[in-house]
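Down below is the structure, laid out as structure tokens.
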Amino acid sequence: MAILVIAEHDNSTLKAATLNAVTAATQMGSDVHVLVAGAGCLAVAEQAANVQGVSQVLLADDATYEHQLAENISLLIAELGKDYSHIVVPATTSGKNFMPRVAALLDVAQISEIVRVDSADTFDRPIYAGNAIATVQSLDAIKVITVRTTGFDAASAEGGNASIQSVSVSHNAGTSAYVGAQIVKSDRPELTSARVVISGGRGMGNGENFALIEKVADKLGAAVGASRAAVDAGFVPNDMQVGQTGKIVAPDLYIAVGISGAIQHLAGMKDSKVIVAINKDEEAPIFQVADYGLVADLFDVVPKLEQLL
Amino acid sequence: MKVLVTVKRVIDYNVKVRVKSDNSDVDLNNVKMAMNPFCEIAVEEAVRLKEAGVATEVVVVSLGSKSCQEQLRTALALGADRAIHIESDEVLESLTVAKLLQKVVADEQPGLIIMGKQAIDTDNNQTGQMLAALTGYPQGTFASKVTIEGDNVQVIREVDGGLQTVSLTLPAIVTTDLRLNEPRYASLPNIMKAKRKPLEVKTPADLGVEVKAHTRVVKVTPPAERKAGIKVACVEELVDKLKNEAKVI
Ligand SMILES: Cc1cc2nc3c(=O)[nH]c(=O)nc-3n(C[C@H](O)[C@H](O)[C@H](O)COP(=O)(O)OP(=O)(O)OC[C@H]3O[C@@H](n4cnc5c(N)ncnc54)[C@H](O)[C@@H]3O)c2cc1C
Ligand SMILES: Nc1ncnc2c1ncn2[C@@H]1O[C@H](COP(=O)(O)O)[C@@H](O)[C@H]1O
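Same order as they appear, the protein sequences are chains L and Z.
Here this note's numbering runs 35 ahead of the position in the first sequence, where the first position is 1.
Here this note's numbering runs 16 ahead of the position in the second sequence, where the first position is 1.
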């Protein structure tokens, strides 16, 4: 049986996280289909058809799916998903929102945020903020899975040649409505797919001081992240939070500035290739995971760092 | 309106858990346990709704071994009116928890159900959504603001790109994110009072739900350790190392 990957998109662009989910799916079996559910989203289906390893794209283009409200889209996925061995989605806030609903509708478990495929029914996933890795075997006929994107390379966005099939299944539970969104626009790379991430913590002191690390980010083409303390203090918006309950990142280079290194923060970044910590407290736990630690006042060294780049 | 809140007993968030040497599970012997932080936020939100005159009664539910009653007493001390303990010493997977809660919802008929977005032990982030599917109720997950407006609830949700607002018909399920509120501490008099508040115990059998395993844990292993790094003396050395040793810039 084939594997169904649910595309992450905004009705015009296929989001990169889908490519990581496709890679995970190809490790579970050979026949990978992608469902694009949205409104006016043909362009997304065309992009999905080009992804290497995808053999079939299903396009559910219907006004009820415009904002991917969980109540409606879960009914669609549960109906289509009955004929698949696996249903897979990237563990973004969107996938995490509707996928457990799909699992419950199908009366199966969801295996959340896998980082490794051991076999078609056995997967590794972090538990306890990444302080343990559980190897879990699914006993269900249909495996419902969310994929931690940092655990899998992205499939190539080009080179595929899948056909696009329209499905006209319209489900509207009629219990929820989209009211609006405040989406933060930024020219910087996305946190979860950036090659370099520089994050600030409570040590930054205030929101204006984030300009110091933004300048470094500009030089490095980096994304900017934050600790929860920095978000809670109102220095920066919530979508910048890195950690157990924020975004999980694993860039080539992660620079933590004025961040102590609480378990919950480490859970979100400790799989980065190279970690740099800048902190004035040499006892800060962040130094235990840092490849290069600099014990210094950030207000002295961050501007200097920017100049040297 | 009655508000139902779920509270899970988990490892204290400050504790770094260790894996047992036989790789069967993590070691929870003599480890400090507490209410899941997201459930504390759920309790706080419900109590505030009651203080605002929107909620008439706050009922808290926990599922698991006898010791869950500690967390239920804490919730009662924080202002919940009554508690239900679904007692079981078996492993309760999220889907089973959702099925048990579905029965509680059928009995209690709450107007709003508030749950944590994620339990910090399993990191599953799924039980609320599963309960929503089983009851057919709409869901406002990862909530950072909840406003009751007549027969609807408006929920501001924390999503990857920023914030999203949805409007849901009641009854509905809300799962909490960290910024929804700041939970209060229980006062000593309230802790004393909580001891006399009603706490009802039921079993999965009483509710007619079979505790079924949908997954099998093959093993639990420690994560890959990072090897210790070095301290650099100055920014120049840092930049040099990043360029010439790590080759990441
Ligand atoms: C359920 C739950 C979930 C959580 N999820 C997350 C999560 O996803 N992500 C997350 O980050 N946190 C999370 N937290 C919070 C976490 O426990 C910590 O409170 C938080 O990470 C601390 O942020 P911080 O390191 O910025 O602040 P602090 O711990 O206050 O550290 C600030 C650091 O800055 C340093 N500093 C101060 N001034 C300077 C200066 N001038 N120069 C250099 N260094 C300086 C200090 O030495 C200190 O080490 C969660 C907590 C809970 C309970
Ligand atoms: N055994 C349980 N007892 C009470 N509440 C639970 C239990 N399991 C899950 N929940 C609720 O569901 C939320 C999400 O849990 P999870 O899906 O396991 O991450 C938790 O924050 C709790 O509010």
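The beta carbon of each residue, even a glycine, is placed where N, CA and C say it ideally should be.
Just so we're clear, the structure is a prediction, and the values are computed from it rather than from any experiment.
Any heavy atom of ligand 1 closer than 7 Å to the Cβ of L:Gly303?
yes
Return yes when the Cβ of Z:Pro214 is within less than 8 Å of the Cβ of Z:Arg98, no when it is not.
yes
Just to confirm before moving on: does the CB-CB distance between Z:Glu56 and Z:Pro199 stay below 8 Å?
yes
Taking Z:Val63 and L:Ala169 to be in contact with their CB atoms under 8 Å, please state how far apart those CB atoms are, rounded to whole angstroms.
Their Cβ separation, rounded to whole angstroms, is 34 Å, which puts Z:Val63 and L:Ala169 out of contact at 8 Å.
Work out the CA separation of Z:His230 and Z:Lys115 for me, nearest whole Å.
13 Å
Best match in L:Gly269, L:Leu110 and L:Val292 for proximity to L:Ala325 [C-alpha to C-alpha]
Of L:Gly269, L:Leu110 and L:Val292, the residue nearest in Cα terms is L:Val292.
Taking 7 Å as the cut-off, does the CB of Z:Val31 come closer than this to any heavy atom belonging to ligand 1?
Incorrect: Z:Val31 has no Cβ contact closer than 7 Å to ligand 1.
Anything in chain L within Cβ reach of Z:Lys247, meaning under 9 Å, just list it in chain order.
Glu317, Phe322, Ala325, Tyr327, Gly328, Leu329 and Val330
Limits of the beta strand (DSSP E) - the one that Z:His101 falls within:
Arg98 to Glu103
How would you label L:Tyr213, buried or exposed, when you count the other beta carbons within 10 angstroms and need 16 or more for buried?
exposed
Is the CB of Z:Leu183 under 8 Å away from at least one CB in chain L?
The sequence as given places Ser at residue 183 of chain Z; Leu does not occur at that position. At least one chain L Cβ lies under 8 Å of Z:Ser183.
Smallest Cα separation from L:Met63: which of L:Gln91, L:Ala208, L:Ala144 and L:Ile38?
L:Ile38
Name the DSSP beta bridge partners of Z:Pro238, please?
According to DSSP, Z:Pro238 bridges with nothing at all.
Under 8 Å, do L:Leu340 and L:Val251 count as touching if we go by C-beta distance?
yes
Counting only beta-carbon separations shorter than 8 Å, does L:Arg136 have a partner in chain Z?
yes
Which residues of chain Z have a Cβ atom closer than 8 Å to the Cβ of L:Ala285, listed in chain order?
In chain order: nothing, as chain Z lies at least about 12 Å away.
Just by C-beta distance, which residues in the segment 111 to 144 of chain Z are closer than 7 Å to chain L?
Leu111, Ala114, Gln134, Ile136, Asp137, Thr138, Asp139, Asn140, Asn141 and Gln142
I'd like to know whether the C-beta of L:Tyr163 is nearer than 8 Å to at least one C-beta of chain Z.
yes
If Z:Val70 sits next to Z:Met146, beta carbons under 8 Å apart, how far is it from one beta carbon to the other, in whole angstroms?
Contact doesn't hold; Cβ gap of about 26 Å is too wide.
Beta carbons nearer than 9 Å to chain Z: which residues of the segment 139 to 154 of chain L have them?
Close to chain Z, meaning a Cβ-Cβ distance shorter than 9 Å, are the following residues of the segment 139 to 154 of chain L: Ala139, Leu140, Asp142, Val143, Ala144, Gln145, Ile146, Ser147, Glu148 and Asp153.
Contact check, L:Asp153 vs Z:Gly177, beta carbons under 8 Å:
no
Counting only Cβ pairs nearer than 8 Å, list the residues of chain L close to Z:Arg195.
Val266, Asp267 and Asn273
Beta carbon nearer than 7 Å to a non-hydrogen atom of ligand 2
If you measure from each CB to the nearest heavy atom of ligand 2, the residues under 7 Å come out as Z:Thr22, Z:Val23, Z:Lys24, Z:Asn52, Z:Phe54, Z:Cys55, Z:Ala58, Z:Val77, Z:Ser78, Z:Leu79, Z:Gly80, Z:Cys84, Z:Leu108, Z:Ser110, Z:Val113, Z:Met131, Z:Gly132, Z:Lys133, Z:Gln134, Z:Ala135, Z:Thr138, Z:Asp139, Z:Asn140, Z:Asn141, Z:Gln142, Z:Thr143, Z:Gly144 and Z:Thr191.
In chain order, what residues have a CB nearer than 5 Å to some heavy atom of ligand 1?
L:Gly236, L:Arg237, L:Gly238, L:Ser262, L:Arg263, L:Ala264, L:Gly278, L:Gln279, L:Thr280, L:Gly281, L:Gly293, L:Ile294, L:Ser295, L:Ala297, L:Gln299, L:His300, L:Asn314, L:Lys315, L:Asp316, L:Ala319, L:Asp332, L:Leu333, Z:Tyr29 and Z:Pro53
Are three or more beta carbon pairs between the segment 250 to 264 of chain Z and the segment 126 to 135 of chain Z nearer than 8 Å?
no
Would the segment 138 to 146 of chain L and the segment 91 to 107 of chain L be scored as touching if the rule is three or more Cβ pairs under 8 Å?
no
Status (buried if at least 16 other CB within 10 Å, exposed otherwise) for L:Glu43
buried
Any C-beta of chain Z under 8 Å from that of L:Ile112
no
On a CA-only basis, which of L:Leu104, L:Ala261 and L:Gly88 is nearest L:Asn196? Give me that one, please.
L:Gly88
Count the C-beta pairs between the segment 32 to 42 of chain Z and the segment 277 to 285 of chain L that are closer than 8 Å, then say yes if the count reaches three, no if not.
no
Looking at the structure shown, is Z:Asp256 part of a helix, part of a strand, or coil, going by DSSP?
helix
Per-residue DSSP class, three states only, for L:Phe158:
strand
Is L:Asn244 close to chain Z? Criterion is C-beta to C-beta, closer than 8 Å.
no
4-residue-minimum alpha helix (DSSP H) runs that sit fully inside the segment 253 to 334 of chain L, ordered along the chain:
263 to 267 and 298 to 301
Report, in whole angstroms, the separation of the C-beta atoms of Z:Val175 and L:Thr58, which I expect to be a contact under 8 Å.
Going by Cβ atoms, the distance from Z:Val175 to L:Thr58 rounds to 24 Å, so no, they are not a contact pair.
Measuring only the C-alpha atoms, how far is L:Gly165 from Z:Gly152?
33 Å
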